[in-house]
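Numbering (the numbering used here), first residue to last: 1149 to 1338. Backbone N, C-alpha and C fix where the C-beta goes; we use that ideal spot for every residue, glycine too. The structure appears below as structure tokens.
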């Protein structure tokens, strides 16, 4: 009988620890931060004016590289995760998918240089840095500095953002055309 009681207490303790972790991390730390950031971004958008922001984003969207590299990178560096995603509201509907995909992919490469952008997943950068450091020592490669590694990781992330944007846009356009018989926005939809 004592074994069942001990098992029951341990089982319930598991859920109690999970609840405490949830309250401590999400409710007391992450949730207030997200609410403050969302409020700040809405205030900033109101102060600057949606028309000006839309014009800036439209200017960035005119050029291939600025649309698929600059916009997601600036959004991630200045707003962080998860506040990058509201920037997509300024894009035409047929470009939103190709903005979200690289935005999600760039959450990790940005942490080496800008840990504030995605502090919840800093462990990814730390794991990569420690792995490269250990392998460098093991194979005699030698690491000059982790700053250099962070820059390379960031630049590689920008290349991946571009490639993912291109592939996502091509796939999205093909799927849309196959389903509806025309490119999105090219014909009026009934």
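Measure the CB-CB distance between residue i and residue j and report whether it falls below 7 Å.
i	j	result
residue 1153	residue 1246	no
residue 1209	residue 1215	yes
residue 1267	residue 1220	no
residue 1217	residue 1310	yes
residue 1280	residue 1297	yes
residue 1262	residue 1225	yes
residue 1248	residue 1305	no
residue 1331	residue 1323	no
Please state whether DSSP places residue i in a helix, a strand or coil.
i	result
residue 1232	coil
residue 1180	helix
residue 1277	helix
residue 1287	With a pLDDT of only 48 at residue 1287, under 50, the local geometry of the prediction cannot be trusted, and the value read off the model is given with reservation. Residue 1287: helix per DSSP, three-state reduction.
residue 1256	coil
residue 1329	coil
residue 1313	helix
residue 1149	coil
residue 1162	helix
Determine the burial state of residue i: buried for a count of at least 16 other Cβ atoms within 10 Å of its Cβ, exposed for fewer.
i	result
residue 1190	exposed
residue 1235	buried
residue 1312	buried
residue 1287	Note that residue 1287 has pLDDT 48, beneath the 50 cutoff, so the model's placement of it is unreliable and no number is given.
residue 1258	buried
residue 1160	exposed
residue 1238	buried
residue 1265	buried
residue 1232	buried
residue 1166	exposed
residue 1295	exposed
residue 1301	buried
residue 1243	buried
residue 1260	buried
Any C-beta of chain C sitting closer than 7 Å to the C-beta of residue i?
i	result
residue 1330	The displayed structure is made up of one protein chain only, and chain C is not part of it.
Alpha helix (DSSP H) segments (min. 4 residues) lying fully within the segment 1190 to 1244: Listed in chain order, the complete alpha helix (DSSP H) runs (minimum 4 residues) inside the segment 1190 to 1244 are 1198 to 1210, 1219 to 1227.
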